[in-house]
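Engineer: Protein chains in written order, with the numbering used here: chain A, 1 to 717; chain B, 1 to 717. Backbone N, C-alpha and C define an ideal beta-carbon position, used for all residues, glycine too. I have a structure here, written as structure tokens, and I will follow up with some questions on it.
There are 2 protein chains.
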Amino acid sequence: MAQSNASARSELQGLFAPRAVAVIGASRQEGKIGHSILKNMLGSGYRGTIYPINPREEAILGLRAYPSLSKVPEPVDLAVIAVPAAAVAGVVEECGLVGVRYLVVITAGYKEVGHEGLVREKELLAAVRRHGMRMLGPNCLGLMDTHTPINASFAAGFPLKGEIAFLSQSGAVCAAILDWSLQVGLGFSKFVSLGNKADLTEVDFIRNAALDAYSKVILCYIEDVVDGEAFLETVREVGTKTPVVILKAGSSQAGARAASSHTGALAGSDLAYEVAFDQAGVLRARTMEELFDLAMAFTTQPLPAGDRVGIVTNSGGPGIIATDAVEARGLRMAELGRETVEALRKGLPPTASFYNPVDVIGDADDKRYDFALSHVLADPGVDSVLCLLTRPAGIDPVLVARAIVARRREYPDKPVVAAFLGGENVAEAARELAAGGVPCFSFPERAVTALSGLARYRRFRERDDTATRPVAFPDVDRETAAEAIASARRDRRVVLLSDECAALMRAYGVPVVPSGLARGPEEAVALADGLGYPVALKVVSPQILHKTDFGGVRLGLESRKDVMRAFFEIVENTQRYLPHAAIHGIEVQKMMAPGIELIVGVSRDIHFGPLLMFGLGGIYVNLFRDVSFRLARGIVWSELEAMVAQTRAYALLKGYRGRRPADVDAVIDTLGRVATLVNDFPEIAELDVNPLFAYERGEGVCALDVKITLSENARQK
Amino acid sequence: MAQSNASARSELQGLFAPRAVAVIGASRQEGKIGHSILKNMLGSGYRGTIYPINPREEAILGLRAYPSLSKVPEPVDLAVIAVPAAAVAGVVEECGLVGVRYLVVITAGYKEVGHEGLVREKELLAAVRRHGMRMLGPNCLGLMDTHTPINASFAAGFPLKGEIAFLSQSGAVCAAILDWSLQVGLGFSKFVSLGNKADLTEVDFIRNAALDAYSKVILCYIEDVVDGEAFLETVREVGTKTPVVILKAGSSQAGARAASSHTGALAGSDLAYEVAFDQAGVLRARTMEELFDLAMAFTTQPLPAGDRVGIVTNSGGPGIIATDAVEARGLRMAELGRETVEALRKGLPPTASFYNPVDVIGDADDKRYDFALSHVLADPGVDSVLCLLTRPAGIDPVLVARAIVARRREYPDKPVVAAFLGGENVAEAARELAAGGVPCFSFPERAVTALSGLARYRRFRERDDTATRPVAFPDVDRETAAEAIASARRDRRVVLLSDECAALMRAYGVPVVPSGLARGPEEAVALADGLGYPVALKVVSPQILHKTDFGGVRLGLESRKDVMRAFFEIVENTQRYLPHAAIHGIEVQKMMAPGIELIVGVSRDIHFGPLLMFGLGGIYVNLFRDVSFRLARGIVWSELEAMVAQTRAYALLKGYRGRRPADVDAVIDTLGRVATLVNDFPEIAELDVNPLFAYERGEGVCALDVKITLSENARQK
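Take a look at the structure:
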């Protein structure tokens with residue numbers, strides 16, 4: 001992480017804009033990768049010197065070839081390596097010795113081919129690090145920068161100059177995006193095929209692109225992140241200035257981490273990505289098509305001031321389809337002002353629709369479109385505009401396109417997108433629109449998806465502008481908590497006993513039900529006397545997670561006699577149903593008045609660390625899965641509030657059907673304290689408070705049952 | 001509905017294949033609709049005689065023109081009317097007099113322009129009916145049939161001959177579909193612009209297309225249905241043989257019927273369409289794009305035997321993206337048999353992936369694709385196949401396309417679709433695939449959407465094959481129920497009193513809690529004595545719906561003294577909080593043992609009649625909205641079972657977390673009885689059983705609280 005700091009741009013400067021480049025493994029033979037790279041370098045307009053390295057050739061593609069890097073007459077910033085895997089190690093060593101700073105290792109045969117390759121990759125990385133170099137790849141397509149310009153890749157094509165930085169973990173997706181971009185005329189600033197990400201990762205390139213004056217939007221295809229913490233930190237910061245749109249593949253792996261505990265069962269690794277992207281303001285594209293559509297929107301459009309969409313159409317059906325899409329994608333149909341409606345009524349034919357969607361009807365020409373658009377754009381109640389056109393008879397759609405482009409220029413702060421239906425018949429008009437900065441889609445729904453992406457990002461930016469207090473508690477007692485954990489570690493236990501759980505909770509200021517552990521019936525009675533009746537008795541055993549299922553719990557015990565009898569019953573039940581379970585004792589708990597049953601849980605994601613869960617507790621957790629998630633790392637108060645507010649449990653807490661409101665502040669406070677606890681103690685693998693009782697406003701909360709599991713190893717991320 | 005019977009084909013024969021056609025309002029002037037229609041008729045290859053009708057012309061487009069229909073020398077089956085709205089009435093009258101059987105009224109200016117137009121439309125329909133004619137329109141684009149052939153429309157183009165019957169309520173969507181179909185080379189059997197649907201509706205054309213040997217799939221764009229009952233009956237029957245795919249616009253109107261009662265609030269009109277489509281086996285396309293993609297799939301592919309998809313790809317990223325889509329769209333990744341994996345391992349390079357998705361890697365040529373495809377297709381564990389290709393270097397995608405087409409022919413029972421990424425570079429290959437019957441999509445996700453549409457339809461077909469018993473109860477007491485309703489009608493009440501509700505329920509065999517209505521405290525005590533203690537007291541007033549909210553209910557009364565006191569408290573509370581509420585009495589109910597709280601509700605949809613709702617009851621109805629819906633009309637047992645099984649309440653009923661299973665059969669029986677009741681009495685506008693207690697298996701159910709509201713009018717649909 002230390003290497004992905006604010007100096008990322010200057011640090012990667014020599015990668016994207018090297019003064020001299022060596023192509024190691026350059027080849028005369030067409031079809032060879034080493035040939036394609038050299039050809040691409042030559043064709044890109046690169047202004048520095050290119051040195052083909054090939055011991056068997058005098059010259060390649062008109063350039064003098066050198067037998068080895070050491071024979072090159074000047075320092076080389078970047079070496080692009082396309083030799084066979086077996087030869088890479090020697091080449092890298094040589095690069096290091098002559099002072100090359102950056103490597104693009106195209107060669108495959110590393111991590112992706114199994115164990116042997118992984119070993120080779122580790123050795124490669126060690127060599128790169130030893131010489132203080134940085135490396136893209138191995139197993140990648142290479143990189144391109146249209147502003148340098150440089151094409152250090154074997155891709156079949158070079159993107160148009162533009163403002164999208166694109167990173168891809170798949171060479172095939174790189175190729176597909178490149179082909180598509182050339183077809184629709186969309187430009188890129190950078191194009192990076194990440195390959196195996198042995199050294200440089202998405203984090204380095206996202207950070208670099210954010211600092212780059214040319215890149216207005218960062219588009220990524222990824223299958224995983226290398227370092228979740230660094231990724232989050234980076235996109236959180238970058239996202240406030242530059243939109244980051246990611247297609248994350250592998251979502252069907254969701255549930256792979258389906259784990260043993262309640263909490264774990266609800267948390268899967270795709271969920272962690274979802275939560276991480278949401279918290280960090282990353283726009284997640286659901287499909288390749290959406291990735292493309294969002295790219296078009298972000299490079300050409302301003303951010304809308306709000307969610308209100310105005311539609312101008314020349315036909316009813318597509319207008320209704322677009323209206324459906326507006327609501328389905330979280331936007332709103334603008335309500336046109338009275339002045340706008342009156343102006344439209346005066347200027348449009350009587351059978352037109354003067355309300356949103358504004359239907360200029362089938363025979364509308366460019367002038368009528370322009371008239372309607374001018375009034376809709378001028379309406380202060382309209383944040384963005386969608387122009388729909390179905391190929392009209394006898395009207396030239398190109399003229400309509402030109403009118404839209406011209407009128408749009410007067411409102412640089414309002415996004416305008418179009419959907420022209422009619423295939424080949426509107427192709428030229430679509431090109432006019434695109435050239436004029438109005439992306440034109442083939443379907444209304446995709447145009448609305450593009451607008452909704454802009455609005456989602458605007459909401460994220462706004463969210464970030466509001467003051468967010470980081471969650472912090474000066475009153476936590478870290479030593480006591482550490483001691484409880486150390487005690488379990490000494491006993492080589494990973495499941496904490498209930499008194500240890502209670503000690504941890506109390507140390508972090510979470511109220512827990514008063515209780516004590518009894519080893520015998522008399523002790524239980526003495527504890528009950530001390531706590532006050534009624535009490536509950538619960539078996540305590542590291543082997544037993546669901547105590548209620550077999551009679552390990554007795555509630556509402558009103559007298560010494562009740563306690564005595566319950567003690568024996570529980571012991572008997574436990575011995576009958578779970579004869580091998582070790583009974584640590586019977587917990588005697590004060591019976592609490594019933595509150596709203598909530599759950600607070602924590603599981604750990606391998607990439608993003610502790611994942612905090614909140615929702616309705618008790619037996620309903622698994623039935624309704626009314627839960628929300630946030631990453632605990634760096635969490636702020638507004639996120640805790642939001643995670644409570646987005647559950648249905650919130651309706652209960654606010655005072656459902658005439659009941660008094662519950663102590664929501666205490667619930668949020670508890671979430672913050674639990675988050676702090678698991679952030680402070682990375683060795684806590686799982687934590688589960690279920691139920692947490694929430695009482696009426698001012699009466700606080702109480703944790704009734706707490707389970708804490710430590711990681712098997714003493715330290716875990 | 002009488003006119004939409006099995007004779008629909010022969011009945012509409014003269015519309016799609018008329019012996020002679022008159023174009024009334026035919027014009028010499030280019031750009032005029034009457035010109036376009038005549039030109040389209042001439043250009044379509046129509047084999048009958050065409051008579052242009054125009055009193056001011058001698059000849060148009062080389063055809064002799066006639067001053068009026070009465071001057072035409074032979075009988076005319078079909079008249080296409082494109083005269084101004086004011087002249088239509090006279091023309092229609094003349095058509096009727098000379099024995100025209102079918103009208104296509106292109107002319108606009110009817111219902112769509114407001115009240116005046118609606119009156120004109122009613123008069124038009126009356127004239128059509130009076131003369132025993134049938135009419136398409138008014139306000140439509142016309143119709144086309146590629147097999148007749150005939151083009152009685154003013155559309156700009158004529159579709160290719162094919163097997164899709166397309167109906168559209170929007171002329172613009174017609175035009176868009178036509179343009180798109182010509183671009184991708186997809187053919188149609190019929191193309192019908194429905195217009196205002198004054199006489200002939202979607203129902204007539206769906207029925208007609210189903211009987212037509214040329215139409216393999218029926219594609220519709222609709223904004224509403226004219227007759228929900230006829231629509232359902234038709235698509236239910238048609239759908240078992242011919243897939244019906246509908247894009248229903250106007251879903252954002254959902255919630256427009258947000259009504260006063262619980263039940264109504266959960267039921268909106270788009271919900272009714274959703275439920276109706278699902279029950280009738282209609283495939284609902286969510287977007288225009290999906291409508292297109294499903295059309296391609298259904299016209300070219302067989303139905304898969306199951307949900308298991310095999311993928312052959314030459315790159316990892318798109319393979320993963322497709323895998324995600326497979327799971328997201330309700331399909332499953334096939335698990336390849338050991339033989340298949342071994343064969344692939346032998347024949348593919350070592351770095352290939354021999355499991356699904358099968359990755360033939362970047363340098364795969366047509367032979368390697370063919371090899372992999374042949375083994376994947378042959379695997380009995382694979383139901384359908386997706387071929388992915390990302391433009392490879394040095395390989396001709398056209399050859400790969402040809403290999404896929406050839407190999408696919410050996411497996412006519414397995415759908416094969418493709419997604420070739422690479423824009424223009426794979427355009428020719430995509431055309432080869434399409435021509436060979438393999439639809440090729442530009443994105444993996446769309447290809448998967450197409451496969452999932454086929455699988456959804458196959459599931460519907462299977463569902464229909466299973467024996468489904470219609471819901472019927474010989475034991476219901478219709479007279480008693482009718483008397484309870486009549487009694488409320490006599491009092492001019494639409495809200496039934498609790499004893500009337502109980503009578504209705506009992507008459508239909510739904511167990512209700514034993515109770516009686518007390519007018520005074522002594523009567524309450526006497527009733528309680530008769531029922532046995534404990535009892536509950538509840539205020540009965542037509543003005544009070546949520547009794548618990550202000551103290552109108554007292555539960556668990558153990559003695560005469562309790563009953564006496566509760567009676568006065570309830571009366572006092574009612575008078576204090578709702579001084580204007582009329583108290584009909586206090587209901588004394590036997591306290592029932594608690595069961596699982598369920599809700600059974602009914603609301604009425606204007607199109608589809610009673611909408612049955614089932615879910616978790618009590619206070620959770622609105623919180624969790626854990627409810628399922630079915631149309632009550634023609635409901636069968638398997639649908640009742642499914643509507644219970646799809647709720648989360650079902651998990652509770654089956655015996656959640658160690659509890660005993662509840663009497664699911666009695667719950668399903670109750671749903672059937674409620675459905676029968678509301679089917680028998682169309683005057684029941686709303687019905688709400690909440691809670692319905694479900695007891696342990698064999699112990700049945702009990703309705704604790706029943707609300708029934710009648711329609712304001714004596715009869716309602």
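Under 8 Å by Cβ, that's how I've got A176 (chain B) and L421 (chain A) pegged, so tell me the actual separation to the nearest angstrom.
Structural biologist: Rounded, the Cβ-Cβ distance is 4 Å, consistent with contact.
Engineer: Could you compute how far the alpha carbon of P350 (chain B) sits from the alpha carbon of E342 (chain B)?
Structural biologist: Cα-Cα distance, rounded: 12 Å.
Engineer: Quick check on N391 (chain B) - is its C-beta less than 8 Å from some C-beta in chain A?
Structural biologist: Note that residue 391 (chain B) corresponds to Arg in the displayed sequence, not to Asn. It does; some Cβ of chain A falls within 8 Å.
Engineer: Does any CB atom of chain B fall closer than 8 Å to the CB of A798 (chain A)?
Structural biologist: No statement about residue 798 (chain A) is possible, as the shown extent of chain A runs from 1 to 717 and does not include it.
Engineer: Go ahead and label H375 (chain A) buried or exposed: buried means 16 or more other beta carbons lie within 10 angstroms of its beta carbon, across all protein chains shown.
Structural biologist: Buried, since its Cβ has 16 or more Cβ neighbours within 10 Å.
Engineer: Between which residues of its own chain and A757 (chain B) is the CB-CB distance below 7 Å, once the five residues before and five after are set aside?
Structural biologist: Nothing about residue 757 (chain B) can be reported from this structure: the residues present for chain B run from 1 to 717 only.
Engineer: How big is the Cα-Cα spacing for V382 (chain A) and V398 (chain B)?
Structural biologist: Cα to Cα, the separation comes out at about 48 Å.
Engineer: What's the C-alpha gap between E233 (chain A) and P357 (chain B)?
Structural biologist: Straight-line Cα distance between these residues: approximately 34 Å.
Engineer: How would you list, in chain order, the residues of chain B whose beta-carbon sits under 7 Å from the beta-carbon of R648 (chain A)?
Structural biologist: Neighbours of R648 (chain A) on chain B, chain order: L623 and F624.
Engineer: Taking Cβ positions, are F154 (chain B) and I24 (chain B) nearer each other than 8 Å?
Structural biologist: In this structure, I24 (chain B) does not lie closer than 8 Å to F154 (chain B) by Cβ.
Engineer: If you measure between the beta carbons of F16 (chain B) and D224 (chain B), is that distance less than 8 Å?
Structural biologist: No; because the gap between Cβ atoms is not below 8 Å, this pair is not in contact.
Engineer: Would you please verify whether the beta carbon of S27 (chain A) is less than 8 Å from any beta carbon of chain B?
Structural biologist: Not one chain B Cβ lies under 8 Å of S27 (chain A).
Engineer: Nearest CA to the CA of V667 (chain A): which residue from A:M643, A:G195, A:P439 and A:I311?
Structural biologist: Nearest C-alpha to V667 (chain A): A:M643.
Engineer: Could you pull the start and end residues of the beta strand (DSSP E) that E597 (chain B) belongs to?
Structural biologist: Its beta strand (DSSP E) spans residues I596 to D605.
Engineer: Between the stretch 416-447 of chain A and chain B, which residues of the former have CB atoms less than 9 Å from a CB of the latter, in chain order?
Structural biologist: Within the stretch 416-447 of chain A, the residues whose Cβ lies closer than 9 Å to some Cβ of chain B are L421, G422, G423, E424, N425, V426, S442, F443, P444, E445 and R446, listed in chain order.
Engineer: Would you tell me roughly how many angstroms separate the C-alpha atoms of P18 (chain A) and S170 (chain A), rounded to the nearest one?
Structural biologist: Computed Cα separation, rounded: 24 Å.
Engineer: Is E569 (chain B) close to chain A? Criterion is C-beta to C-beta, closer than 8 Å.
Structural biologist: Chain A, which has no Cβ nearer than 8 Å to the Cβ of E569 (chain B), makes this no.
Engineer: Going along chain B in order, which residues have a C-beta closer than 9 Å to the C-beta of Q543 (chain A)?
Structural biologist: Those do not exist, as Q543 (chain A) stays about 18 Å from chain B at its closest Cβ, beyond 9 Å.
Engineer: In chain B, which residues lie less than 9 Å from V113 (chain A) when you measure between Cβ atoms?
Structural biologist: Near V113 (chain A) (Cβ distances below 9 Å), the residues of chain B are P350 and T351.
Engineer: Where do the ends of the beta strand (DSSP E) carrying T49 (chain B) lie?
Structural biologist: Residues T49 to I53.
Engineer: The alpha helix (DSSP H) with A111 (chain A) in it runs from where to where?
Structural biologist: According to the sequence as given, residue 111 (chain A) is Lys; it is not Ala. Note, K111 (chain A): premise wrong, no alpha helix (DSSP H); not H, not E.
Engineer: Please give me, in chain order, every unbroken run of the beta strand (DSSP E) with length at least 3 that falls completely inside the stretch 536-598 of chain A.
Structural biologist: Here the runs fully enclosed are 553-557 and 585-590.
Engineer: Could you tell me whether any Cβ in chain A is nearer than 8 Å to the Cβ of E223 (chain B)?
Structural biologist: Yes, E223 (chain B) lies at the interface with chain A (some Cβ there is under 8 Å from its Cβ).
Engineer: So, does the CB of D324 (chain B) fall closer than 8 Å to a CB anywhere in chain A?
Structural biologist: Cβ-Cβ to chain A under 8 Å: yes for D324 (chain B).
Engineer: Which first and last residues belong to the alpha helix (DSSP H) in which R368 (chain A) is found?
Structural biologist: From DSSP, the alpha helix (DSSP H) with R368 (chain A) extends over D366 to A378.
Engineer: Rounded to the nearest angstrom, what separates I206 (chain B) and G239 (chain B) at their Cα positions?
Structural biologist: Whole-angstrom Cα-Cα distance: 10 Å.
Engineer: With 8 Å as the limit, tell me which residues of the stretch 641-671 of chain A have their beta carbon closer than that to any beta carbon of chain B; keep them in chain order.
Structural biologist: Correct list: R648, A651, L652, Y656, R657 and G658.
Engineer: Along chain A, which residues have their Cβ under 9 Å away from the Cβ of E289 (chain B)?
Structural biologist: The contacting residues are E289, S442, F443, E445 and R446.
Engineer: Considering only their Cβ atoms, is the gap separating A127 (chain B) from E93 (chain B) smaller than 8 Å?
Structural biologist: In contact: E93 (chain B) and A127 (chain B) (Cβ atoms closer than 8 Å).
Engineer: Say whether chain A places a C-beta atom closer than 8 Å to the C-beta of P159 (chain B).
Structural biologist: With 8 Å as the cut-off, P159 (chain B) does not count as an interface residue toward chain A.
Engineer: P18 (chain B) by DSSP, collapsed to three states: which one?
Structural biologist: Correct three-state label for P18 (chain B): coil.
Engineer: CA-CA distance, G453 (chain B) and A280 (chain B)?
Structural biologist: Rounded to the nearest angstrom, the two C-alpha atoms are 15 Å apart.
Engineer: Quick one: list the residues of chain B neighbouring D396 (chain A), beta-carbon separation under 8 Å, in chain order.
Structural biologist: Near D396 (chain A) there are no residues of chain B at all, since even the closest Cβ is about 13 Å away, more than 8 Å.
Engineer: Please classify S70 (chain A): is it buried, with 16 or more other beta-carbons within 10 angstroms of its beta-carbon, or exposed?
Structural biologist: Per the 10 Å Cβ criterion, exposed.
Engineer: Hey, is G142 (chain A)'s beta-carbon within less than 8 Å of any beta-carbon in chain B?
Structural biologist: Not one chain B Cβ lies under 8 Å of G142 (chain A).
Engineer: Could you check whether A295 (chain B) and L186 (chain B) sit closer than 8 Å to each other, using their CB atoms as the reference points?
Structural biologist: Going by C-beta atoms, L186 (chain B) is nearer than 8 Å to A295 (chain B).
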